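Participant:
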Amino acid sequence: MKFIQIFFLALIILVSFMPMAQALAFPALVNCGKDATPCTLADFWQLLARVVKFLTAYIGIPLAVLGIGVGGFHIIIARGSPGEITKGREIIVASVVGLFIALAAFLIVNTILKGLGANPNNITNPLKNKI
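All letters in the sequence shown, in the order written, are residues 6 to 136 by the numbering used here.
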């Protein structure tokens, strides 16, 4: 029960920083529709690329790191209990698998967007972000 409380507390703290991260990373989601500039299909691809980048870099990677830390914590406090050590390993494995799925999703969306003609300058690798 305590694990669930700690997890939700960490999640609330992470979510509270999301608006700040969004404001720092993306001053505007798209650069159209403000003045007399109409939005085009290219602006939609730009929007989709920026949303995927945000979800991968600012949500997926930190949650995977948090999961690895929680799994390591379970192993440390196991005190030789095989059940707790197994639980910690399962959490770490699930976090690493989730990280790979998130990065694979980024790769797939990136490839599709480039194939549809999105500007490759707006799509960046989330692992290269300086957070």
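Just so it is clear, CB atoms sit at the ideal spot from N, CA and C, and this is done for glycine as well.
Just so we're clear, the structure is a prediction, and the values are computed from it rather than from any experiment.
Tell me the rounded alpha-carbon separation between threonine 116 and alanine 109.
Facilitator: 10 Å
Participant: Please report the distance separating the alpha-carbon of isoleucine 82 from that of valine 56.
Facilitator: 38 Å
Participant: When you compare each of Phe12, Lys39, Leu14, Ala47 to leucine 119 by their alpha carbons, which one comes out closest?
Facilitator: The question names leucine, yet the displayed sequence has lysine at residue 119. The shortest C-alpha separation from lysine 119 is found at Ala47.
Participant: Taking just the CA atoms, how far does isoleucine 9 sit from phenylalanine 49?
Facilitator: 38 Å
Participant: Please state if the CB of leucine 52 and the CB of valine 35 are separated by a distance shorter than 8 Å.
Facilitator: yes
Participant: Roughly how far, in whole angstroms, is the beta-carbon of glycine 65 from the beta-carbon of arginine 94, given that I think they are within contact range, below 8 Å?
Facilitator: At roughly 21 Å, the Cβ-Cβ gap does not stay under 8 Å, so glycine 65 and arginine 94 are not in contact.
Participant: Is it right to say alanine 54 is buried, meaning 16 or more other beta carbons lie within 10 angstroms of its own, or is it exposed?
Facilitator: buried
Participant: Could you check the C-alpha separation between alanine 41 and phenylalanine 59 for me, to the nearest Å?
Facilitator: 28 Å
Participant: Where do the N-terminal and C-terminal ends of the alpha helix (DSSP H) with proline 67 fall, by residue?
Facilitator: 66 to 81
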